[in-house]
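Asker: Once you've had a glance at the structure underneath, I'll fire off some questions.
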Amino acid sequence: MKGRPRLFLSPPWVGPEERRAVERAFDSGYVAPCGPLVDAFERELAKLSGRKYAVAVSSGTAALDLLMAHLGVDASWTVVAPTLTFVATVGPAHHRGARLVFVDSDATGNVDLALLERALSDLKGGRVLVLGVDLYGRCCDYRAIGRLCRRYGAVYVSDSAEAVGAKTERGEPAGSAGLAAVYSFNGNKIVTTSGGGAVVTDSKRLADHVRKLAQQSRETCVWYEHREVGYNYRLSNLLAGVGLAQLAKLPAILEARRRNHDFYRGLGLDCLPAGTGNCWLTVALLSTRRDRDRMLDRLAKADIEARPVWKPMHLQPVFAGCPVYGGAVSEDLFARGICLPSGTGLAEDDLTRIADVLL
Ligand SMILES: Cc1ncc(COP(=O)(O)O)c(C=O)c1O
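Counting in the numbering used here, the sequence shown runs without a single skipped number right up to 359 at its last residue.
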């Protein structure tokens, strides 16, 4: 294996188009967290998500934080989220003192709807926010979660950070669910701006408020007037240029990710189903935790990056006191699951090299 380059889990796939976009943005003079490319990126994101409005911000976490601020999430709120997710899903709610309740997954890895209903029906009083998550780029059941939220009077926000470009089984775009949804454009995501994110929504009021909060909540007047305190979370115009160049390549990106997924499945590996998702990361399930660790070790020795599945939030020391509904399924996925290299730029040779280790 010596002399061969390291294979990463999900490295950025950028080239001359992105470089030119940064240069053009640079030359335009809009070297700032606003400008025509931010506006154009937002228009494209609204189109992609099937939403009326998009607000581009500096990360997916910032997008979630802005939504928490907009909703006024505080210690009087309960935030219900899948336990199998990245910590950023619940970090902003945690910082605001909300009570977190975690819910297990079903066999797809996404939230278990029966357990979600149980969690919601057990909540008595107070305001409730449900955070849906499109795990590894596979959309959860938007309609079913929407129905539950309406039945139990909860606000629904979709954490579609991992799902840019994915579709639900009914063909709805990722991010089209709930009051609003967030995307991430981190370096490891399907579409990257190096770091970035967005809020998408059909609510003008929400979009306007989030945009205002993201730029220090400055009132529209000549001097600096503030009726509330905001944040500095806007996306740079340079990076919006990168995002636009990436979105132009999205069909090719999705095709490559799907090809990776089909390749791993073709090896006979037991994979988490990708459904009509974007195949952001392909997850293989080994027989036991020991097998998982051995495989991670073998891949590491071959200079191939792979990771365990997200460690469930209810197993995280920081959330030890939080209630969890179920938990065995996500614990099992964590124990046996490996995220395999899934980058857009993987060549046939790279996949063969990975397969040699896996088999
Ligand atoms: C499910 C999920 N939510 C939120 C985020 C946060 O996005 P960002 O890294 O852009 O802050 C990520 C990714 O990093 C994620 O995977």
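Beta carbons are placed, not taken as given, at the ideal position from N, Cα and C, and that holds for glycine.
Among the residues of its own chain, which have a CB less than 6 Å from the CB of SER203, if the five just before and after it don't count?
Answerer: To locate residue 203, count along the sequence shown from 1; it is residue 203. Hits under 6 Å: none found.
Asker: Let me check you understand the geometry: is the CB of VAL309 closer than 8 Å to at least one non-hydrogen atom of ligand 1?
Answerer: By one-based count along the sequence shown, residue 309 stands at place 309. Outside the cutoff, so no.
Asker: If we ignore side chains and look at the alpha-carbon of each, how far apart do ASP262 and GLY277 end up?
Answerer: As a working mapping, residue 262 is identified with position 262 in the sequence shown. As a working mapping, residue 277 is identified with position 277 in the sequence shown. Each residue's alpha carbon lies about 13 Å from the other.
Asker: When every heavy atom of ligand 1 is checked, does at least one fall within less than 8 Å of the C-beta of SER105?
Answerer: In the sequence shown, the residue the question calls residue 105 occupies position 105. Incorrect: SER105 has no Cβ contact closer than 8 Å to ligand 1.
Asker: Alpha helix (DSSP H) containing THR352: first to last residue?
Answerer: Along the sequence shown, read from residue 1 onward, the residue named residue 352 stands at position 352. Note, THR352: alpha helix (DSSP H), 348 to 358.
Asker: How far does the alpha helix (DSSP H) with ALA198 in it extend, from its first residue to its last?
Answerer: Stepping through the sequence shown from its first residue, residue 198 is reached at position 198. That residue, ALA198, is in no alpha helix (DSSP H); its beta strand (DSSP E) goes 197 to 201.
Asker: DSSP puts ILE338 in a beta bridge; with which residues?
Answerer: By one-based count along the sequence shown, residue 338 stands at place 338. ILE338 pairs with ALA284, PRO308.
Asker: Confirm, please, whether the CB-CB distance from ARG20 to ALA248 is below 9 Å.
Answerer: Counting from 1 along the sequence shown, the entry for residue 248 is found at position 248. Counting from 1 along the sequence shown, the entry for residue 20 is found at position 20. Not closer than 9 Å, so no.
Asker: Is the CB-CB distance between LEU115 and GLY326 below 9 Å?
Answerer: Here the question's residue 115 lines up with position 115 in the sequence shown. Here the question's residue 326 lines up with position 326 in the sequence shown. Closer than 9 Å, so yes.
Asker: Is the separation between the beta-carbon of VAL133 and that of VAL164 shorter than 9 Å?
Answerer: Counting from one through the sequence shown, the residue named residue 133 turns up at place 133. Counting from one through the sequence shown, the residue named residue 164 turns up at place 164. No, the Cβ-Cβ distance between VAL133 and VAL164 is not below 9 Å.
Asker: On a CA-only basis, which of LEU135, THR168, GLU162, VAL128 is nearest ALA144? Give me that one, please.
Answerer: Here residue 144 corresponds to residue number 144 of the sequence shown, with the count starting at 1. Checking every option, the nearest Cα to that of ALA144 belongs to THR168.
Asker: May I have the straight-line CA-CA distance separating ALA54 from PRO317, to the nearest angstrom?
Answerer: Translated into the one-based positions of the sequence shown, residue 54 becomes position 54. Translated into the one-based positions of the sequence shown, residue 317 becomes position 317. Near 35 Å, if we compare the C-alpha coordinates of PRO317 and ALA54.
Asker: Would you say the beta carbon of LYS189 comes nearer than 8 Å to a heavy atom of ligand 1?
Answerer: Taking the first residue of the sequence shown as 1, we reach residue 189 at position 189. For ligand 1, at least one heavy atom lies less than 8 Å from the Cβ of LYS189.
Asker: Is the closest heavy atom of ligand 1 to the C-beta of ASP356 under 8 Å?
Answerer: As a first step, residue 356 is located in the sequence shown; it is residue number 356 there, counting from the start. No; taking the cut-off as 8 Å, the Cβ of ASP356 has no heavy atom of ligand 1 nearer than that.
Asker: Taking the DSSP output, what are the residues bridged to SER158?
Answerer: Indexing the sequence shown from 1 puts residue 158 at position 158. SER158 pairs with GLY132, ALA181.
Asker: Quick check on the burial criterion: 16 or more other C-beta atoms within 10 angstroms. Buried or exposed for GLY343?
Answerer: Residue numbering aside, residue 343 sits at position 343 when the sequence shown is read from its first letter. GLY343 should be labelled buried.
Asker: For ARG205, is the classification buried or exposed, using 16 other Cβ atoms within 10 angstroms of its Cβ as the cut-off for buried?
Answerer: Position 205 of the sequence shown, counting from 1, holds the residue named residue 205. Label assigned to ARG205: exposed.
Asker: Is ARG259 near ARG292, with beta carbons less than 9 Å apart?
Answerer: Translated into positions along the sequence shown, residue 259 becomes position 259. Translated into positions along the sequence shown, residue 292 becomes position 292. Not closer than 9 Å, so no.
Asker: Quick check: ASN232 and ALA214, are their CB atoms within less than 9 Å of each other?
Answerer: Locating residue 232 in the sequence shown gives position 232, where the first residue counts as 1. Locating residue 214 in the sequence shown gives position 214, where the first residue counts as 1. Cβ distance < 9 Å, so ASN232 and ALA214 count as in contact.
Asker: Check each residue's C-beta against every heavy atom of ligand 1 and list, in chain order, those closer than 6 Å.
Answerer: So the residues near ligand 1 by this Cβ test are SER59, GLY60, THR61, THR85, PHE86, ALA88, THR89, VAL133, ASP159, ALA161, GLU162, SER184, ASN186, GLY197.
Asker: Might you give, ordered along the chain, the residues of its own chain that have their beta carbon closer than 7 Å to the beta carbon of MET68, omitting 5 neighbours on each side?
Answerer: Along the sequence shown, read from residue 1 onward, the residue named residue 68 stands at position 68. Closer than 7 Å at Cβ, skipping near neighbours: PRO92, ALA93, ARG96.
Asker: How many Å lie between ASP350 and CYS140 at the Cα?
Answerer: Position 350 of the sequence shown, counted from the first residue, corresponds to residue 350. Position 140 of the sequence shown, counted from the first residue, corresponds to residue 140. Near 31 Å, if we compare the C-alpha coordinates of CYS140 and ASP350.
Asker: Between VAL200 and VAL130, what straight-line distance do the alpha-carbon atoms span, to the nearest angstrom?
Answerer: As a position in the sequence shown, residue 200 is number 200, starting the count at 1. As a position in the sequence shown, residue 130 is number 130, starting the count at 1. Spanning the two alpha carbons is a distance of roughly 16 Å.
Asker: Buried or exposed for MET1, please, with buried defined as at least 16 other CB atoms from any protein chain shown within 10 angstroms of its CB.
Answerer: Translated into the one-based positions of the sequence shown, residue 1 becomes position 1. Note on MET1: pLDDT 47, under 50, position unreliable in the model; the coordinate value appears next. Exposed: under 16 other Cβ atoms inside 10 Å.
Asker: Taking the alpha-carbon of ASP356 as reference, which of VAL309, LEU299, GLU18 has the nearest alpha-carbon?
Answerer: Walking along the sequence shown from the start, residue 356 turns up at place 356. Taking only the C-alpha atoms, the option nearest ASP356 is LEU299.
Asker: Between LEU359 and LEU340, is the Cβ-Cβ spacing less than 9 Å?
Answerer: As a first step, residue 359 is located in the sequence shown; it is residue number 359 there, counting from the start. As a first step, residue 340 is located in the sequence shown; it is residue number 340 there, counting from the start. In this structure, LEU340 does not lie closer than 9 Å to LEU359 by Cβ.
Asker: In terms of alpha-carbon separation, which member of ASN186, ALA328, ILE338, THR352 lies closest to PRO82?
Answerer: In the sequence shown, counting from the first residue as 1, residue 82 sits at position 82. It is ALA328 whose Cα lies nearest to the Cα of PRO82.
Asker: Does DSSP put PHE263 in a helix, in a strand, or in coil?
Answerer: Within the sequence shown, the letter at position 263 stands for residue 263. PHE263: helix per DSSP, three-state reduction.
Asker: What's the call for ASP159, buried or exposed, on a 16-neighbour Cβ count within 10 Å?
Answerer: Translated into positions along the sequence shown, residue 159 becomes position 159. ASP159 is buried by the Cβ-count criterion.
Asker: Can you give me the C-alpha to C-alpha distance between ALA161 and PHE185, rounded to a whole angstrom?
Answerer: Translated into the one-based positions of the sequence shown, residue 161 becomes position 161. Translated into the one-based positions of the sequence shown, residue 185 becomes position 185. So the two alpha carbons sit approximately 8 Å from each other.
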